[in-house]
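Under the working numbering, the first residue of the sequence shown carries the number 27, and numbering increases by one thereafter.
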Amino acid sequence: MRYLPIDQIQEGMYLARNVIGNDGRVLLVKGTKLTQSYLQKLKELDYHFLYISETPDDIEEFKGPLSDEVYTKAICTVRDSMISAAKYQSLDLQAVIDVADFMLDEVIAEDVVYNIIELKNHSNYTYLHSVNVSVLSVLLGKALKLNQRQLKEMVTGALLHDIGKVFIENSILEKAGRLTPPEYEKVKRHPQYGFDLLRGHPELSLLSAHVAYQHHERADGSGYPRGLTGDQIHYYAKIVMVADSFDAMTSGRHYREAMWSHTAIAELKAAAPEKYDPKVVSALTQVVALYPVGSVVLLNNMEVATVCDVTSKKIRLKLLSGKNKGQRIELSHNSKLKIERRLS
Ligand SMILES: [Fe+2]
27 MRYLPIDQIQ
37 EGMYLARNVI
47 GNDGRVLLVK
57 GTKLTQSYLQ
67 KLKELDYHFL
77 YISETPDDIE
87 EFKGPLSDEV
97 YTKAICTVRD
107 SMISAAKYQS
117 LDLQAVIDVA
127 DFMLDEVIAE
137 DVVYNIIELK
147 NHSNYTYLHS
157 VNVSVLSVLL
167 GKALKLNQRQ
177 LKEMVTGALL
187 HDIGKVFIEN
197 SILEKAGRLT
207 PPEYEKVKRH
217 PQYGFDLLRG
227 HPELSLLSAH
237 VAYQHHERAD
247 GSGYPRGLTG
257 DQIHYYAKIV
267 MVADSFDAMT
277 SGRHYREAMW
287 SHTAIAELKA
297 AAPEKYDPKV
307 VSALTQVVAL
317 YPVGSVVLLN
327 NMEVATVCDV
337 TSKKIRLKLL
347 SGKNKGQRIE
357 LSHNSKLKIE
367 RRLS
């Protein structure tokens, strides 16, 4: 399985992971043999990368931090909440709280790392982003020893952190070029809109609403909407803002290329402590896979391999070159063998 830019994918290759459409459901199922028309359609839908495999028997079960079932449920729940909010209908926050519980049950498991490189397009971006930020926030919160109640309050807020965006015009949110200063001023209102919406719901902890309110604040006061500093910012928001920035940096948008995990972590480290809580940023290195599943890597023996599976303790590779081409190896069992760098 490899994660490839769509322009490098040829007809006849197989889809190795489901492609999720803008309603959170599966648009194209894994195992599908890709035709020119599928590829064209996916390009039109603004997908830039796919997980592919050369042969159908090479498609493995992808073990991410969440099962496909809970991942899809979470995306649909975020989407339903945002649609209700946009129509000024009441929110089914109990559904969000339930999803937070399902997520906690799965993400809390031992060994799990954040190994998603996500297949977002412009229409499902906010939903997938909200769920990915939530997953990463739980992993960070767990590494930082938050208790179960705290994790739940934080992840419920993380799922809804961008809900205020529904009150901002799509033409601004999806604009391909740079925003003008008045447009940026409008975007900067979404945390306030989100907070105003969520604070009126007694079933939601006020701290969860504050995650939406504070996720764009920065420790040095340079954030928005209020320019809070240091410990004026709640710990949950300090965690979620790191997950939010990391996911935004590692996701390709039409106006910029996606960064690789290690570059994004290095940039976030350079920006802390002025902007971010250094403890949270350093927890990123514990919970994020530097080489996510599907990435192609160069080994110190100059062979090329693709990452099949990764946990906090081991990384499993499939060799793509050399005399053992096609073989699977576990890196922890081969102490002399090291990953030199990521190729794609
Ligand atoms: Fe946001």
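We treat Cβ as the ideally placed atom computed from N, Cα and C, and that holds for glycine. Here the structure is a predicted model, which means the values were calculated and not measured.
- Judged by DSSP secondary structure, A184 falls within the alpha helix (DSSP H) whose first and last residues are 174-185.
- Note on geometry: alpha-carbon atoms of V45 and D273 lie some 18 Å from one another.
- In this structure E211 is exposed. Its beta-carbon is surrounded by fewer than 16 other beta-carbon atoms within 10 angstroms.
- With contacts defined by Cβ atoms closer than 8 Å, M129 and V104 do not form a contacting pair.
- The three-state reading of DSSP puts A42 in coil, since its state is none of H, G, I, E or B.
- The straight-line gap separating the alpha-carbon atoms of M328 and S358 is approximately 18 Å.
- For P228 against G190, the beta-carbon gap comes to about 19 Å, at or over 8 Å, which does not count as contact.
- Ligand 1 has a heavy atom closer than 7 Å to the beta-carbon of H187.
- At a Cβ-Cβ threshold of 8 Å, L177 and V306 do not count as neighbours.
- For the pair C102 and I123, the Cα-to-Cα distance works out to about 13 Å.
- Per the coordinates, the alpha-carbon of E37 lies some 21 Å from the alpha-carbon of S321.
- Scanning its chain for C-beta atoms nearer than 6 Å, with the 5 sequence neighbours on each side dropped, one finds around G249 the residues H242, E243, in chain order.
- If you look at V313, you'll find it in the alpha helix (DSSP H) that goes 304-313.
- In the structure shown, D335 falls within a strand segment according to DSSP collapsed to helix, strand and coil.
- Between the alpha carbons of V268 and P299 lies a distance of about 12 Å.
- Cβ-Cβ distances below 6 Å link S79 to M27, Y40, A42, I85 in the same chain, with the five nearest sequence neighbours on each side left out; the list follows chain order.
- R28 sits in a strand when the DSSP states are folded into three classes.
- According to the DSSP assignment, F128 belongs to the alpha helix (DSSP H) that extends over 119-133.
- Spatial neighbours of S234 in its own chain (CB-CB distance under 6 Å, excluding positions within 5 residues in sequence) are listed in chain order as E179, T182, G183.
- Taking C-alpha positions only, Y97 is separated from D137 by approximately 18 Å.
- Closest in C-alpha terms to D33, from the list L68, L117, L346, comes L68.
- Only residues of its own chain outside the window of five on either side were considered, and among them L117 have a CB closer than 6 Å to the CB of S110, listed in chain order.
- It is roughly 15 Å from the alpha-carbon of P208 to the alpha-carbon of E200.
- Between ligand 1 and the CB of D270, the shortest heavy atom gap is smaller than 7 Å.
- Between D188 and G220, the C-beta spacing is below 8 Å.
- Residue side-chain check: H74 keeps its Cβ at 7 Å or more from all non-hydrogen atoms of ligand 1.
- DSSP, read as helix, strand or coil, puts L316 in coil.
- In this structure, the alpha-carbon of Y317 lies about 13 Å from that of L310.
- If you check the C-beta of H260 against ligand 1, you find no heavy atom less than 7 Å away.
- In terms of CA proximity to D270, Y302 leads the group K340, V55, Y302, A202.
- DSSP places S231 in no beta strand (DSSP E); its state is neither H nor E.
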